Amino acid sequence: MPCFCSQALGALLEALPTIPPTAGLVPPMPPTLLASVTAAAGFGPAPLPSANVSAAATATANVAAQASANLSAMASLSAAMTAATGMNLAASLAPSAVVNVRAGLACGIASLNAGAGPLLSVAGLLQRLLSELQALAQLAGLVTAIRAAFGIDLRAPGAVIALQARLNAAAAASVSSSAGASGSAVLALMASLGFHATAQGAAGINAQAQATAGLLAGLPSLGPAFHPLMLLAALLALVAAILRGIGVNLLAPNAALQLRVALAALPLAALAQVVQANGAAVASATGALAASASANAAASLNLAATASANLSGAAQLAAMLNVMAQAGLSRPAGSCGACPMVVPSAAATGAVLPATAGLPATPVASAGILAAAAAAAAPRGG
């Protein structure tokens with residue numbers, strides 16, 4: 113696996129202050145709208161058990177909630193690994209690949225820690241941009257959700273009237289339930305990882321969860337770079353959501369002009385009135401309607417081993433891989449000429465660099481290691 117390139121990271125961080133200001137450009141939307149949409153789609157927090165539920169039922173609900181959370185972490189990590197390395201989670205855990213994958217991931221983490229100084233220096237800027245872009249990202253998410261749920265392009269004439277009619281119909285016909293949505297989410301997450309909702313599929317996902325925990329346990333910590341890295345990952349996710357929703361790349365040189373043109377094409381005032389009057393309907397209609405059969409199928413699966421797996425490091429590893437993929441920060445070690453992971457005397461020998469940021473000494477990614485990692489990442493049949 114290539115290193116987390118500090119030179120490319122520096123170029124990205126230099127571009128962040130050019131993101132145009134968005135204050136006052138977007139009318140206020142209900143702050144809980146996206147959370148409602150997410151929960152209705154079955155990916156929100158599981159409902160808390162009531163006081164009169166038995167201890168056994170509560171324990172079962174807790175296991176199901178933790179299993180769902182771990183499945184979500186695995187799905188996110190698998191998507192990030194595919195984007196950054198070309199191989200999904202299942203392929204990376206294969207016995208023939210896992211040693212090289214662990215070495216490559218450790219090299220990426222070490223290179224990030226070694227060049228973390230610029231990232232640490234912009235933590236305040238990242239927090240400010242995240243706060244400023246929330247309203248615009250919420251609008252972009254709403255535009256994307258309406259397009260996906262109803263096929264309505266809000267820039268088209270009559271779009272708001274069509275949206276109101278669809279919301280009225282959806283509110284009258286809504287039969288979704290939190291239990292069904294939760295069950296549907298578990299099945300969808302299992303499917304995204306390549307497993308069916310069967311006893312055999314449950315056994316497979318349990319084994320993969322435990323293997324993922326083992327992979328994570330063998331990796332070094334991200335150290336002080338963890339917090340600003342998560343902020344950067346969140347910011348890039350917002351930038352991507354805004355590009356997907358309203359077609360504006362905030363990191364482009366002419367982003368300010370593009371943004372004003374894109375927003376002028378949307379009926380913002382009318383949309384805000386519709387959303388405020390129909391918040392519950394939007395959340396219900398844009399969420400996936402889950403049949404009770406999905407809930408029953410999910411409840412019958414034994415996912416205790418998935419629930420017990422320690423995947424606490426999955427989020428930070430996924431964040432690193434996502435940043436590498438989204439911002440093009442994945443480069444061969446030494447290719448930029450300023451790589452902190454390569455020194456002339458060590459590059460050819462695979463020697464050990466001094467410990468950095470509290471990490472154990474880490475072998476330099478020699479050509480042999482990189483070649484082995486590339487071979488392990490090659491597509492496999494079946």
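Its first residue numbered 113, the sequence shown is counted upward by one per residue in my numbering.
C-beta: ideal position from N, C-alpha, C; glycine also.
Quick caveat: nothing in here was measured; it's all calculated off a predicted structure.
Here A437 really is in contact with A192; their C-beta atoms are around 7 angstroms apart, less than 8 angstroms. Annotated three-state conformation of R443 is strand, per DSSP. Boundaries of the alpha helix (DSSP H) around L341: F338 to I358. Here A202 really is in contact with Q320; their C-beta atoms are around 6 angstroms apart, less than 8 angstroms. Annotation for N225: the continuous alpha helix (DSSP H) segment containing it runs V210 to A226. Taking a C-beta distance under 8 angstroms as the contact criterion, A314 and L413 qualify as a contact pair. Excluding residues up to 5 positions away in sequence, nothing lies with its Cβ nearer than 6 angstroms to the Cβ of T130 in the same chain.
Rounded to whole angstroms, the Cβ separation of L238 and P379 is 32 angstroms, and the two are not in contact under 8 angstroms. The way I'd put it, the segment 360-378 does touch the segment 124-139; three or more beta-carbon pairs between them come closer than 8 angstroms. Taken through DSSP and simplified to helix, strand or coil, F307 comes out as coil. A Cβ-Cβ separation of about 6 angstroms places A235 in contact with L343 under the 8 angstroms criterion. Looking at the DSSP output, C115 sits in a beta bridge with R443.
In the displayed model, L328 falls within a helix according to three-state DSSP. In the three-state reduction of the DSSP assignment, I264 falls in the coil class. Burial is judged here by how many other beta carbons sit within 10 angstroms of a residue's own beta carbon; P340 has at least 16 and is buried.
In this structure, Q178 lies near A419, with their beta-carbon atoms less than 8 angstroms apart.
Within a 10 Å sphere around the beta-carbon of I273 sit fewer than 16 other beta-carbons, which makes this residue exposed.
Per DSSP, the unbroken alpha helix (DSSP H) holding A235 starts and ends at A235 to E244.
Per DSSP, A421 lies in no alpha helix (DSSP H) and is assigned neither H nor E. Distance between M302 and S333, taken at the CA atoms: about 28 angstroms.
Take the alpha-carbon of S208 and the one of R214: they are about 12 angstroms apart.
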